[in-house]
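Mapping the sequence shown onto UniProt numbering, position 154 (from 1) lands on 154, and the numbers just tick up by one.
This report concerns only the one structure given below.
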Amino acid sequence: MTAALARVGTLTAVYLLALTSLKPGDVVIGVVLASLIVGYGGAIGSQGARTERPPGTSALRRLAGLPALIFFTAVDMCRGTWHVAQYCLGLRPMSPGLVTVPIEPNIPSSATAWAIRVGLAPDSVVVDVDDKTGELLLHVLDARDPDAVRRAQAASYRRAQRSVFP
Numbered sequence: 001m002t003a004a005l006a007r008v009g010t011l012t013a014v015y016l017l018a019l020t021s022l023k024p025g026d027v028v029i030g031v032v033l034a035s036l037i038v039g040y041g042g043a044i045g046s047q048g049a050r051t052e053r054p055p056g057t058s059a060l061r062r063l064a065g066l067p068a069l070i071f072f073t074a075v076d077m078c079r080g081t082w083h084v085a086q087y088c089l090g091l092r093p094m095s096p097g098l099v100t101v102p103i104e105p106n107i108p109s110s111a112t113a114w115a116i117r118v119g120l121a122p123d124s125v126v127v128d129v130d131d132k133t134g135e136l137l138l139h140v141l142d143a144r145d146p147d148a149v150r151r152a153q154a155a156s157y158r159r160a161q162r163s164v165f166p
């Protein structure tokens with residue numbers, strides 16, 4: 001119940017931020033829409049099999065990893081911005097291409113969070129997430145060494161995300 005209320009509150013906050021309004025009518029509409037989304041999502045989610053979180057991933061431990069996730073995501077974004085600037089200025093040869101990155105078998109929210117994090121950096125774009133084969137398809141600006149891209153992505157996942165989204 002607490003998780004559902006937190007989701008409703010978060011969705012309502014996002015709705016109000018998008019509207020840039022705190023009028024009572026907007027708040028009521030936001031709460032109603034968020035409640036419908038959370039209720040419908042819960043009904044859909046209860047039909048499928050939910051996977052259990054790996055052992056040792058308590059809510060407190062995941063919350064403690066959040067600052068590192070935010071920090072290292074910002075670092076990855078800055079690094080990607082620097083790489084794009086080097087490509088634009090002709091200081092670095094550009095060799096764009098697609099690279100498949102294996103993703104560890106885990107819960108879908110982890111793969112989704114990883115795809116969002118990767119997409120925030122301007123030097124890579126997520127093309128596809130294939131849960132069946134366990135691969136993330138990326139378009140990167142420097143695909144000359146696909147293994148280096150895979151190593152960098154795996155290191156980024158271990159460093160920043162594993163404690164929050166195992």
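Even for Gly, the Cβ is constructed at its ideal location relative to N, Cα and C.
Here the structure is a predicted model, which means the values were calculated and not measured.
8 Å contact criterion, which residue i and residue j should meet: CB distance rounded
i: Leu148; j: Pro96; result: Rather than Leu, the amino acid found at residue 148 in this sequence is Ala. About 15 Å separates the two Cβ atoms, so there is no contact after all.
i: Leu137; j: Val84; result: The Cβ separation is near 20 Å, so there is no contact.
i: Ala115; j: Val126; result: 4 Å
i: Gly65; j: Val129; result: Contact flag wrong, Cβ pair sits at about 22 Å.
i: Ser124; j: Val118; result: 5 Å
i: Leu91; j: His139; result: Going by Cβ atoms, the distance from Leu91 to His139 rounds to 21 Å, so no, they are not a contact pair.
i: Ala152; j: Asp131; result: Ala152 to Asp131, Cβ: 22 Å. No contact.
Run of the alpha helix (DSSP H) containing residue i, from where it starts to where it stops
i: Thr81; result: 66-88
i: Val14; result: 2-19
Beta-bridge pairing of residue i - partner residues as DSSP gives them
i: Gly97; result: Val140
i: Asp128; result: Leu137
i: Pro102; result: Glu135
Residue i - containing beta strand (DSSP E), residue span
i: Asp147; result: It is not in any beta strand (DSSP E) - Asp147 instead sits in the alpha helix (DSSP H) that spans 146-156.
Pair within 7 Å by beta-carbon distance, residue i and residue j
i: Gly30; j: Thr10; result: no
i: Ala121; j: Asp76; result: yes
i: Val38; j: Ala4; result: yes
i: Gly26; j: Leu19; result: Residue identity differs from the one stated: residue 26 is Asp in this sequence, not Gly. The answer is yes: Cβ separation under 7 Å.
i: Gly134; j: Ile103; result: yes
i: Ala6; j: Phe72; result: no
i: Arg162; j: Val101; result: no
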